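If you're matching them up, the sequences are chains A, B, C and D in order. Mapping the first sequence onto this note's numbering, position 4 (from 1) lands on 4, and the numbers just tick up by one. Just remember that this note's numbering sits 202 ahead of the position in the second sequence, which is counted from 1. Just remember that this note's numbering sits 404 ahead of the position in the third sequence, which is counted from 1. Just remember that this note's numbering sits 606 ahead of the position in the fourth sequence, which is counted from 1. Report on one structure; see the data block that follows.
Number of protein chains: 4
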Amino acid sequence: MPRTSEQNREIRERTKETIIKAGLSVFARKGFYGATIAEVAKEAGISKGLIYNYFDAKKDLAKAILQQVVVLMAGFETAFKETKDPYEIIEKLLKETFNTIRENTEFWRLYVSFALQPEIIEEAKTVFSEVIDNYILMIEKVFRKIKIPNAKIEAYEFGALLDGVGIDYLFGKDNYPLERIEKHLLKKYGKKALRERAKAKL
Amino acid sequence: MPRTSEQNREIRERTKETIIKAGLSVFARKGFYGATIAEVAKEAGISKGLIYNYFDAKKDLAKAILQQVVVLMAGFETAFKETKDPYEIIEKLLKETFNTIRENTEFWRLYVSFALQPEIIEEAKTVFSEVIDNYILMIEKVFRKIKIPNAKIEAYEFGALLDGVGIDYLFGKDNYPLERIEKHLLKKYGKKALRERAKAKL
Amino acid sequence: MPRTSEQNREIRERTKETIIKAGLSVFARKGFYGATIAEVAKEAGISKGLIYNYFDAKKDLAKAILQQVVVLMAGFETAFKETKDPYEIIEKLLKETFNTIRENTEFWRLYVSFALQPEIIEEAKTVFSEVIDNYILMIEKVFRKIKIPNAKIEAYEFGALLDGVGIDYLFGKDNYPLERIEKHLLKKYGKKALRERAKAKL
Amino acid sequence: MPRTSEQNREIRERTKETIIKAGLSVFARKGFYGATIAEVAKEAGISKGLIYNYFDAKKDLAKAILQQVVVLMAGFETAFKETKDPYEIIEKLLKETFNTIRENTEFWRLYVSFALQPEIIEEAKTVFSEVIDNYILMIEKVFRKIKIPNAKIEAYEFGALLDGVGIDYLFGKDNYPLERIEKHLLKKYGKKALRERAKAKL
DNA sequence: TATGAATGAGCCTTCATTCAT
DNA sequence: GATGAATGAAGGCTCATTCAT
Chain A
1 MPRTSEQNRE IRERTKETII KAGLSVFARK GFYGATIAEV AKEAGISKGL IYNYFDAKKD
61 LAKAILQQVV VLMAGFETAF KETKDPYEII EKLLKETFNT IRENTEFWRL YVSFALQPEI
121 IEEAKTVFSE VIDNYILMIE KVFRKIKIPN AKIEAYEFGA LLDGVGIDYL FGKDNYPLER
181 IEKHLLKKYG KKALRERAKA KL
Chain B
203 MPRTSEQNRE IRERTKETII KAGLSVFARK GFYGATIAEV AKEAGISKGL IYNYFDAKKD
263 LAKAILQQVV VLMAGFETAF KETKDPYEII EKLLKETFNT IRENTEFWRL YVSFALQPEI
323 IEEAKTVFSE VIDNYILMIE KVFRKIKIPN AKIEAYEFGA LLDGVGIDYL FGKDNYPLER
383 IEKHLLKKYG KKALRERAKA KL
Chain C
405 MPRTSEQNRE IRERTKETII KAGLSVFARK GFYGATIAEV AKEAGISKGL IYNYFDAKKD
465 LAKAILQQVV VLMAGFETAF KETKDPYEII EKLLKETFNT IRENTEFWRL YVSFALQPEI
525 IEEAKTVFSE VIDNYILMIE KVFRKIKIPN AKIEAYEFGA LLDGVGIDYL FGKDNYPLER
585 IEKHLLKKYG KKALRERAKA KL
Chain D
607 MPRTSEQNRE IRERTKETII KAGLSVFARK GFYGATIAEV AKEAGISKGL IYNYFDAKKD
667 LAKAILQQVV VLMAGFETAF KETKDPYEII EKLLKETFNT IRENTEFWRL YVSFALQPEI
727 IEEAKTVFSE VIDNYILMIE KVFRKIKIPN AKIEAYEFGA LLDGVGIDYL FGKDNYPLER
787 IEKHLLKKYG KKALRERAKA KL
């Protein structure tokens, strides 16, 4: 008895998911060139050939993974849309970012890798630009709400700061004082400090 | 009549230089895996084989390029050793960094690439860690001199900030408000602002 | 519908066989360095890449061929384990060896090549040493059984003699009086002659 | 002042000698394919280029080396032309051969290598055939003189025996009972034994 | 849908050979 | 005659991709 098309759809979806997940893992660990279709297949527990049933080429798998990364990052942002208190948003954002840096280091690396090698996936740059822009925009709004002067540029600074911490941590993982920096920034961008900065301008 | 060994030394030096320069360019554009020895040779205007007369393997060329990058960065630092006024150091440092980001974008990219792929060159991580550590240390001293509280962690923040700006600029080059951020930071880390921060602590 | 693993096993076995056979032929004709993976592939009627689906490196193919040679030689020996009459064993051994020299000349050449170039396959020396040792040991036993004095050293002589004939035949194939030497040795190591030698000692 | 053509001739001769000597050494150690022109040059203490001033190609150097080997072997033979006593000739021959096997192992290997890979030097086979033929012929004469029956075929056997010992020694150097075999053969081909064999036939 | 054997283009590397000096 | 920098052909090996089943 052949499968119904509904069953097939489900299978396809599940398999695709599996492949992307495996790809995410392998790509993050090895980078685009270092990763092998064979290894992705192995990690996914399927055959090499099957991957080509779902993706036309290695690059297309990378594209799908990129999308996944974007989705994850988007989810990361929207998580704060419900939070009302702007100070709380910032605090959560900081904590969440530091957690990501700490725990999903490889994931971070993938994110940077993609962005650094636009020759692999043209879309990468555009896609990430958007993500970053949104991120910055969100921060900007928050800053604006709490009357931080120069909100826009301060938002850029905030974003760069976190990206920079992430990068520097990647470089010198073992000795990087990630915790201390986190505390430092939590204070610097804490309610009290931000309020003072807002006042100072007046 | 054979060439004198002096002549040969010169030739070798020049050719090596040529290769490294070409390598720097190609590696920066394509990344280690994306770059091809053939392309490096073409860019250098020499034969593939000749490269192996100077470097044992692709990795060794990468290593040499890495060294070059380090030398440049080291020169970058020492440039400020003569400057006495701490406020001036910071100003110069900022301006210089922004110039590098703006003009040597590809160079920047290579720097990050290397650091992100320690599988390629083991030394990369160590080497960059040291460079960064020195950089941070220098800033820390300056901050300490002008009584910025938390000098060490502030130095880390400063370094991360600049790295982050560099990265974000790489991501979204065309729309990134590099100039405005530069101005912003020049103010934020300007004499006046820093003095206030020093006082504030008291 | 994918092939059953049984089918795959069969395919792999057959292909591997094909490759080894082609390798044996090409290696014997050209030697390890002279032989080309491309040529082996061509001789096997497959693509270059496929060889690496079965062997990690050229050396490993050589190793497999070496094993094949060893298997053949081992089979060669065991063939006489059933024969009881020691004189018959020697006669058969001689005839068999001369047949091999005559008909499997290339095979012989490969055998010697491998043994002469242990840089290529470390195991070669060990492996062949064992084969030879066994061979000598077998002869020694036979000699001992028929009371030939100095059985051990005579066995070494016997082995050297046959190896030497093989080599000399390789050198000067066309003019080498292989048949006459065979007859000569059949007589010299024939029942009658050996019995006399045994008696002589008394 | 330019060199006289006589001086030049001398220089050329000496240099050629040096190259061949170095080549002999390197080829013996590494085999034809394993040896490198660069290494030969280094061993000779000259430049790569200079070799091509004396030999058109690697093969031609090999050919010259081959000739050298032949000369050495020929000298080996002629050394006995003066000896009158046939028994002494055989004894000397045996001792000399075993010495060569023992001390000039690498040289032996080269000899065999050349003979085994006629695709490298076509002449090798012819040349060695001649050498061997002469060798055999000489033995044959000696055997004939002392009335050994079947002198010709016995000579072939004698030659094969020595070649075989050489090969087997190459295979299993460390454990091969070279000394004992030497003694054994010295007895077997000693005056007393040979005389008996001569008588036996009558 | 799924498998993995098979293909072949492409890349790194070696090294005999050439050539400017 | 001598040097060694430079060339380029060739070969080993990898791996994305195809295809028969």
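Virtual Cβ for every residue (Gly too), placed ideally from N, Cα, C. Given the structure is predicted, the values throughout are model-derived calculations rather than measurements.
Since C:I557 meets chain D, which of its residues come closer than 8 Å, beta carbon to beta carbon?
P783, R786, I787, H790
Positions along the segment 90-115 of chain A whose CB lies within less than 7 Å of some CB in chain B:
R109, V112, S113, A115
When you compare only the Cα positions, how much space is there between B:K349 and B:K401?
8 Å
Going by DSSP in three states, C:F484 sits in which element: helix, strand or coil?
coil
Give the interface partners of D:D769 over in chain C, defined as CB-CB distance under 7 Å, in chain order.
G568, I571, D572
Residues, ordered as in the chain, of the segment 26-43 of chain A that lie near chain B by beta-carbon distance below 7 Å
G31, Y33, G34
Would you say D:Q723 faces chain C, with C-beta separation under 8 Å as the test?
yes
What separation, rounded to the nearest whole angstrom, lies between the Cα atoms of A:E103 and D:A641?
53 Å
Show which residues of chain B have a CB atom less than 9 Å away from the CB atom of A:E157.
L363, G366, V367, I383, H386, L387, K390
For C:M571, count neighbouring Cβ atoms within 10 angstroms of its own Cβ and tell me buried if that reaches 16, exposed if not.
Reading the sequence as shown, one finds Ile at residue 571 of chain C and not Met. With 16 or more other Cβ atoms within 10 Å, it is buried.
Under 9 Å by beta carbon: chain A residues contacting B:K330:
Here the sequence assigns Phe to residue 330 of chain B, which means Lys is not the residue at that position. Those are F171, G172, listed as they occur along chain A.
If contacts are defined as beta-carbon pairs under 8 Å, then D:F764 and D:I787 qualify, I think. What distance do you get, rounded to the angstrom?
So it is not a contact: roughly 14 Å between Cβ atoms.
Is it right to say B:R311 is buried, meaning 16 or more other beta carbons lie within 10 angstroms of its own, or is it exposed?
buried
Between D:K751, D:G778, D:I671, D:K789, which lies nearest to D:R801 when the distance is taken from Cα to Cα?
D:K751
Beta-carbon of B:K327 versus every beta-carbon of chain A: anything under 8 Å?
yes
What residue range does the alpha helix (DSSP H) around B:G361 cover?
353-374
Cβ pair C:A527, C:K462 closer than 8 Å
According to the sequence displayed, residue 527 of chain C carries Glu and not Ala. No; because the gap between Cβ atoms is not below 8 Å, this pair is not in contact.
Cβ contact check for the segment 43-50 of chain A and the segment 10-26 of chain A: 3 or more pairs under 8 Å
yes
Against chain D, with Cβ distances strictly below 8 Å, would C:N538 count as a contact?
no
8 Å contact criterion, which C:G568 and D:I738 should meet: CB distance rounded
11 Å between Cβ atoms; not a contact.
Going by C-alpha to C-alpha distance, which of D:Y775, D:E760, D:M679, D:L667 sits closest to C:L589?
D:E760
My understanding is that A:Y111 touches A:V69, with C-beta atoms under 8 Å, so please give their C-beta distance in whole angstroms.
6 Å
Which residues bound the alpha helix (DSSP H) around D:F720?
711-722
Residue from B:P288, B:T302, B:A317, B:L263 whose Cα sits closest to the Cα of B:Y391
B:P288
Could you check where the alpha helix (DSSP H) with B:T238 kicks off and where it finishes?
No alpha helix (DSSP H) holds B:T238; DSSP gives it neither H nor E.
So C:V531 packs on C:L470, CB below 8 Å; how close in whole Å?
6 Å
Beta-carbon separation of D:E702 and D:F682 under 8 Å?
yes
In three-state DSSP terms, what is C:I524?
coil
Go ahead and label A:I11 buried or exposed: buried means 16 or more other beta carbons lie within 10 angstroms of its beta carbon, across all protein chains shown.
exposed
So which residues of chain B does A:N150 contact, with C-beta pairs closer than 8 Å?
H386
Classification of A:M73 by the beta-carbon crowding that lies within 10 angstroms, buried from 16 upward
buried
Mark A:K125 as exposed unless 16 or more other C-beta atoms lie within 10 angstroms of its C-beta, in which case mark it buried.
buried
Residue interval of the alpha helix (DSSP H) (run including B:R382)
380-390
Do the CB positions of A:F80 and A:L93 come within less than 8 Å of each other?
yes
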